[in-house]
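**Q**
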Amino acid sequence: MSDALERFEKGLREVSEASAGAFTGRSTEQALRDENAKLVGPNGQLTQLMKLMRELPADRRKDLGQQANALKAEIQAAFEGALDRLARAAREAELTGPALDPTLPGRGVRRGRLHPLTRTIHQLVDVFVALGFDVEDAPEVDYASNCFGKLGFPPDHPATDMQDSFFVERPGGELDTVLRTHTTTVQIHQMLKRPPPMAVICPGAVYRRDDDATHSPMFAQIDGFAVDEGLTFAHLKGVLTAFVRRLFGDEVPVRFRPSYFPFVEPGGELDMGCVFCRPWEADAERTRACRVCKGTGWMEILGCGMIHPVVFEAVGIDPTRYTGFAFGMGIDRISMLRHGVSNIRLLYENDARFLARL
Ligand code: DAH
């Protein structure tokens, strides 16, 4: 009788004995798994024993192999049975135990709050209402002529490319309708509706074929304008300077730069001092390293200007009697600046974990 045969038969008896009571009296799943591993895990007793198979005399190999496999199956069945009993016992305890513990603290109800963009709109509206502006609405789907033509964009002029549009096909197949690309359309709607003087702001959604980290195809703008006899660029500067100071602080400097928009003349852009590196605090190093203003110390926040006479003509207001000023800005951008948000999509994805931090 070979040595291997002897060791194998002895080993089988030992595993069989060890497995007999292995799973009784274990009260956790982990304990059961540990016992199972000792027998049939990668380093288990039976697994080790099987490695001797090759050395067994050929005429006994089949028979002993079957015995070992039968033992393995028994262990497997005992293990599963024990797991099952444990699960049943736990369920039983749950069902027969106290039905409900009324002394447990309840789940808190989380308080909702306004979206950061909505809060920014409220703040902007508050500032302009305090300066005497009315809040008005204008349609989101509008005639292209209100969006472009009446605002001084020549037909098919490359300037319309500034605002790549979503056209809406009407039942007749005409392509004269767009999702408004700016809230500047409010000028046309209001001036056609009522006589000067007027001072109006209009916050709302606008749409453009634009999509990157700082542009979303739908975003929010606010436009404002005032029409009266004798309004000058000084009124525009006064109103916009007051606006920046109320929203961002009295210490923030502003500057006006010439720029082109078809509906204003002269037209400009308003920059304000970067509210991240605060260059007026004279830390030149901080400004040089500022990624928000790219080291310039200035941030562009809106377009503005004196209403172009062609706009007055388009709505039947006498440009020799009346003048007006206008401005428009992205609300998302103001909100991003106020909250230090770098990707516009974060404002529209409605991830409550992110929004709760603003
Ligand atoms: N509508 C312009 C835009 O979307 C912004 C703008 C510039 C509005 C100048 C104005 C203005 O009212 O006067 O880019």
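For what it's worth, our numbering labels the leading residue of the sequence shown as 7, then goes sequentially.
Don't be surprised by glycine CBs; every beta carbon is placed ideally from N, CA and C.
Predicted model only: the values in this text are computed from it and were never measured.
1) On the DSSP bridge assignment, give the partners of residue 99 in chain order.
2) Does the Cβ of residue 240 have 16 or more other Cβ atoms within 10 Å, making it buried, or fewer, making it exposed?
3) For residue 373, which option in 326, 135, 346, 238 has the closest C-alpha, if you only look at C-alpha atoms?
4) Following the continuous beta strand (DSSP E) through residue 311, name the residue where it begins and the one where it ends.
5) DSSP on residue 329, reduced to helix/strand/coil?
6) Return the bridge partner residues of residue 141 from the DSSP annotation.
7) For residue 206, is the classification buried or exposed, using 16 other Cβ atoms within 10 angstroms of its Cβ as the cut-off for buried?
8) Short check: CB of residue 309 to CB of residue 254, under 8 Å?
9) Does the distance from the C-beta atom of residue 189 to that of residue 155 stay below 8 Å?
10) Using DSSP's beta-bridge definition, name the partner residues of residue 262.
11) Taking the C-alpha atoms as reference points, what is the distance between residue 319 and residue 325?
12) Between which residues of its own chain and residue 172 is the CB-CB distance below 7 Å, once the five residues before and five after are set aside?
13) State the Cα-Cα distance for the pair residue 16 and residue 48, rounded to the nearest angstrom.
14) Let's see if you can read the secondary structure: which residues bound the beta strand (DSSP E) around residue 185?
15) Alpha carbon to alpha carbon, how far is residue 60 from residue 29? Give it in angstroms, no decimals.
16) Evaluate the contact criterion for the stretch 191-199 versus the stretch 120-130: three or more CB pairs, one atom per stretch, below 8 Å.
17) Since residue 224 is in the beta strand (DSSP E), which residue starts that stretch and which ends it?
18) Which class does residue 334 belong to by DSSP, given the choice of helix, strand or coil?
19) I need the DSSP call for residue 148, collapsed to helix, strand or coil.
20) What does the alpha-carbon distance come out to for the pair residue 202 and residue 323?
21) Does the ligand DAH have a heavy atom nearer than 7 Å to the CB of residue 241?
22) Can you name, in chain order, every residue of its own chain whose Cβ lies under 8 Å from the Cβ of residue 259, other than the five neighbours on each side?
23) In terms of alpha-carbon separation, which member of 219, 37, 228 lies closest to residue 123?
24) For residue 305 and residue 297, what's the separation of their Cα atoms in angstroms?
25) Assign residue 147 to buried or exposed, taking buried as 16 or more other Cβ atoms, counted over all protein chains shown, within 10 Å of its Cβ.
26) Can you tell me the Cα-Cα spacing of residue 18 and residue 99, whole angstroms?
27) Would you call residue 360 buried or exposed, if buried means 16 or more other Cβ atoms sit within 10 Å of its Cβ?
28) Using 8 Å for Cβ pairs, my map puts residue 14 next to residue 55. What's the rounded Cβ distance?
29) Starting from residue 270, follow its DSSP beta bridges and name the residues at the other end.
30) Quick check: the Cα distance between residue 219 and residue 358, rounded to an integer number of angstroms?
31) Only counting the same chain, and skipping five residues up and downstream in sequence, which positions put a Cβ closer than 8 Å to that of residue 295?
32) From residue 242 to residue 162, what does the alpha carbon distance come to, in whole angstroms?
33) According to DSSP, is residue 133 part of a helix, a strand, or is it coil?
34) What are the boundary residues of the alpha helix (DSSP H) that residue 113 is part of?
35) When DSSP labels each residue in this structure, what does residue 360 get in the three-state scheme?
36) Should residue 309 be listed as close to the ligand DAH, given that the test is whether its C-beta is under 7 Å from any heavy atom?
**A** According to the structure shown:
1) What you label residue 99 is simply residue 93 of the sequence shown in a count that begins at 1. Beta-bridge pairing links residue 99 to no other residue.
2) On the sequence shown, position 234 is the one that residue 240 refers to. Answer is exposed; the Cβ neighbour count stays below 16.
3) In this structure the chain extends from 7 to 364, so residue 373 is not present and cannot be described.
4) Along the sequence shown, read from residue 1 onward, the residue named residue 311 stands at position 305. 304-313 is the extent of the beta strand (DSSP E) around residue 311.
5) As a first step, residue 329 is located in the sequence shown; it is residue number 323 there, counting from the start. Note: residue 329 maps to strand in three-state DSSP.
6) Counting from one through the sequence shown, the residue named residue 141 turns up at place 135. 207.
7) On the sequence shown, position 200 is the one that residue 206 refers to. Classification for residue 206: buried.
8) In the sequence shown, counting from the first residue as 1, residue 309 sits at position 303. In the sequence shown, counting from the first residue as 1, residue 254 sits at position 248. Their beta carbons are not under 8 Å apart, which means residue 309 does not touch residue 254 by this criterion.
9) As a working mapping, residue 189 is identified with position 183 in the sequence shown. As a working mapping, residue 155 is identified with position 149 in the sequence shown. No, these two residues do not count as a Cβ contact at 8 Å.
10) Residue mapping note: residue 262 aligns to position 256 of the sequence shown, counting from 1. DSSP output for residue 262 lists 276 as bridge partner(s).
11) For the purposes of this step, residue 319 is identified with residue 313 of the sequence shown, where counting begins at 1. For the purposes of this step, residue 325 is identified with residue 319 of the sequence shown, where counting begins at 1. Near 7 Å, if we compare the C-alpha coordinates of residue 325 and residue 319.
12) Within the sequence shown, the letter at position 166 stands for residue 172. Same-chain partners within the cutoff: 184, 185, 213, 215.
13) Counting from 1 along the sequence shown, the entry for residue 16 is found at position 10. Counting from 1 along the sequence shown, the entry for residue 48 is found at position 42. The straight-line gap from Cα to Cα measures roughly 20 Å.
14) Counting from 1 along the sequence shown, the entry for residue 185 is found at position 179. Note, residue 185: beta strand (DSSP E), 183-185.
15) Here the question's residue 29 lines up with position 23 in the sequence shown. Here the question's residue 60 lines up with position 54 in the sequence shown. Distance between the alpha carbons of residue 29 and residue 60: 30 Å.
16) no
17) Translated into positions along the sequence shown, residue 224 becomes position 218. Segment 224-234, the beta strand (DSSP E) holding residue 224.
18) Here residue 334 corresponds to residue number 328 of the sequence shown, with the count starting at 1. Looking at residue 334 - three-state DSSP - the assignment turns out to be strand.
19) Counting from 1 along the sequence shown, the entry for residue 148 is found at position 142. In this structure, residue 148 counts as strand in the three-state DSSP scheme.
20) Start at 1 with the first residue of the sequence shown, and residue 202 comes out as number 196. Start at 1 with the first residue of the sequence shown, and residue 323 comes out as number 317. If you take the alpha carbons of residue 202 and residue 323, they lie about 8 Å apart.
21) On the sequence shown, position 235 is the one that residue 241 refers to. No, Cβ of residue 241 sits at least 7 Å from all heavy atoms of the ligand DAH.
22) Against the sequence shown, residue 259 aligns to sequence position 253. Contacts found: 278, 279, 286.
23) Counting from one through the sequence shown, the residue named residue 123 turns up at place 117. Checked all of 219, 37, 228; the closest Cα to residue 123 is 228.
24) For this step, residue 305 is matched to residue 299 along the sequence shown. For this step, residue 297 is matched to residue 291 along the sequence shown. About 11 Å.
25) Within the sequence shown, numbered from 1, the residue matching residue 147 stands at position 141. Counting Cβ neighbours within 10 Å, residue 147 comes out exposed, since fewer than 16 surround it.
26) Locating residue 18 in the sequence shown gives position 12, counting from the first residue. Locating residue 99 in the sequence shown gives position 93, counting from the first residue. Residue 18 and residue 99: Cα-Cα distance of roughly 38 Å.
27) As a first step, residue 360 is located in the sequence shown; it is residue number 354 there, counting from the start. Residue 360 is exposed by the Cβ-count criterion.
28) Translated into positions along the sequence shown, residue 14 becomes position 8. Translated into positions along the sequence shown, residue 55 becomes position 49. With 8 Å as the limit, residue 14 and residue 55 qualify as a contact, their Cβ atoms being about 7 Å apart.
29) Position 264 of the sequence shown, counted from the first residue, corresponds to residue 270. Residue 270 pairs with 313.
30) Position 213 of the sequence shown, counted from the first residue, corresponds to residue 219. Position 352 of the sequence shown, counted from the first residue, corresponds to residue 358. The alpha-carbon atoms of residue 219 and residue 358 are separated by roughly 20 Å.
31) Working through the sequence shown from its first residue, we reach residue 295 at position 289. The residues are 283, 301.
32) Residue mapping note: residue 242 aligns to position 236 of the sequence shown, counting from 1. Residue mapping note: residue 162 aligns to position 156 of the sequence shown, counting from 1. About 30 Å.
33) For this step, residue 133 is matched to residue 127 along the sequence shown. Residue 133 falls in the helix class under three-state DSSP.
34) One-based indexing of the sequence shown puts residue 113 at position 107. Residue 113 -> no alpha helix (DSSP H), and no H or E assigned at all.
35) On the sequence shown, position 354 is the one that residue 360 refers to. Note: residue 360 maps to helix in three-state DSSP.
36) For the purposes of this step, residue 309 is taken as the residue at position 303 of the sequence shown. Yes.
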